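Engineer: Using the working numbering, read the sequence shown as starting at 6 and increasing by one per residue. Cβ coordinates follow ideal geometry from the N, Cα and C atoms, glycine included. If you're wondering where the values come from, they're calculated on a predicted model, not measured in any experiment.
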Amino acid sequence: MSRSSTEAEYKALANATAEVMWIQKLLDELQIPHPMAACLWCDNLGATYLSSNLIFHARTKHIEIDYHFFREQVAQTKLDIRFIHSGDQIADGFTKTLPTRLLVKFRDNLNLAGS
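Quick look at the structure:
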């Protein structure tokens, strides 16, 4: 259980790291070119800062050591963590109930016809 939204987002980024690393290895084995640094987007500034700045470590002592593998990947520039405003999260259309205005925007972004 997370103690904060920053910790929850950080753990989600750490979990995504394993998947990203697996996909990168697969692409390497298939000799398919790909960017050296995968880009992960996060809508939590605290988690974004925590991924690249050890100053925040003292506030997160309760995060398990294996999640710091993720931070090492960022430090080695194998991952690029970027902030995205929660209002710009396209995936929200698949996971949340949206007001009509945002639902129409989501539908239009997917090039779906309105009814």
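1) Which residue marks the beginning of the beta strand (DSSP E) containing D113, and which one marks its end?
2) Check each candidate in L50, L84, Y54, G51 and name the one with the smallest Cα separation from A21.
3) Report the three-state DSSP secondary structure of D93 (helix, strand or coil).
4) Consult DSSP for A17 and reduce its assignment to one of helix, strand or coil.
5) Mapping DSSP to helix, strand and coil, what is A80?
6) Write down the C-beta distance between L55 and T11 rounded to the nearest angstrom, noting that I regard them as a contact closer than 8 Å.
7) May I ask you to list the residues that DSSP assigns as paired with A43?
8) Pick helix, strand or coil for K101, following the three-state DSSP scheme.
9) Figure out for me which residue from A42, E14, L117, K30 has the closest Cα to the Cα of E77.
10) If you count every other CB in all the chains shown that lies within 10 Å of the CB of I86, and 16 or more means buried, which is it?
11) Apply the 10 Å Cβ neighbour rule to N49 and answer buried if 16 or more other Cβ atoms are within range, or exposed otherwise.
12) Helix, strand or coil, according to DSSP, for A122 in the structure here?
Structural biologist: So, to answer that:
1) Position 108 of the sequence shown, counted from the first residue, corresponds to residue 113. For D113, no beta strand (DSSP E) segment is defined; the enclosing uninterrupted segment is the alpha helix (DSSP H) at 105 to 114.
2) One-based indexing of the sequence shown puts residue 21 at position 16. Measuring from the Cα of A21, the nearest candidate turns out to be L84.
3) Residue 93 sits at position 88 when you count from the first residue of the sequence shown. When DSSP states are grouped into helix, strand and coil, D93 belongs to the helix group.
4) Residue 17 sits at position 12 when you count from the first residue of the sequence shown. Look at A17 here: in three-state DSSP terms it is helix.
5) Residue 80 sits at position 75 when you count from the first residue of the sequence shown. It is helical.
6) Residue mapping note: residue 55 aligns to position 50 of the sequence shown, counting from 1. Residue mapping note: residue 11 aligns to position 6 of the sequence shown, counting from 1. Between L55 and T11 a beta carbon distance of about 7 Å is seen, short of the 8 Å cut, so the two are scored as contacting.
7) As a working mapping, residue 43 is identified with position 38 in the sequence shown. According to DSSP, which records beta bridges pairwise, A43 is partnered with L84.
8) Counting from 1 along the sequence shown, the entry for residue 101 is found at position 96. DSSP places K101 in coil when its eight states are reduced to three.
9) One-based indexing of the sequence shown puts residue 77 at position 72. Of A42, E14, L117, K30, the residue nearest in Cα terms is A42.
10) The sequence position of residue 86 within the sequence shown is 81, counting from 1. I86 should be labelled buried.
11) As a working mapping, residue 49 is identified with position 44 in the sequence shown. So N49 counts as buried.
12) Because the chain spans 6 through 120 in this model, residue 122 falls outside it and cannot be assessed.
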